[in-house]
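These notes are about the structure you will find just below.
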Amino acid sequence: MADRLTPVVVALGGFLGAVSRYLVGTAVAGPEGILLVNASGSFALAATVGVTRSRRLRLFLTTGLLSSFTTYSTFAVESASLGVAGGTAYVVATYALGVAAAALGLAFGRRAP
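Numbering-wise (our numbering), the sequence shown opens with residue 240 and increments by one.
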């Protein structure tokens, strides 16, 4: 039998992730804010996968909070709005920082107790 609280747990995480994403976006506007969100979200998601043992907490943090905190659609629109040269540089920077942040998050998660 599936856990009946799972949708509630994911929804609460999603709410907090979306609000957090909005707050970062107002503090750091434009492509820089999206880059910050996606890089920090990559780190946090990877670290969470490494340290979270509870299924409910993992769903809250990964599927809920962090999935709504990071945003590919905004990244795609921001990239396209920067033109070919600027958009290409932004995509390269985003992927490089995202992969590096995820690698650091995984390393952090593996070392946590």
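For glycine and all other residues, C-beta sits at the position ideal for the given N, C-alpha and C.
Enclosing alpha helix (DSSP H) for Thr333 [first to last residue]: Taken as a continuous stretch (DSSP letters only), the alpha helix (DSSP H) holding Thr333 covers 322-350.
Would you call the CB atoms of Leu284 and Thr310 closer than 9 Å? At a Cβ-Cβ threshold of 9 Å, Leu284 and Thr310 do not count as neighbours.
With a threshold of 8 Å, are at least 3 pairs of Cβ atoms found where one atom belongs to the stretch 323-340 and the other to the stretch 269-278? Two segments are said to touch when three or more pairs of C-beta atoms, one from each, lie closer than 8 Å; by this definition the stretch 323-340 touches the stretch 269-278.
Measuring only the C-alpha atoms, how far is Phe299 from Gly325? So the two alpha carbons sit approximately 35 Å from each other.
So what does DSSP say about Ser293, is it helix, strand or coil? Here Ser293 sits in coil by DSSP.
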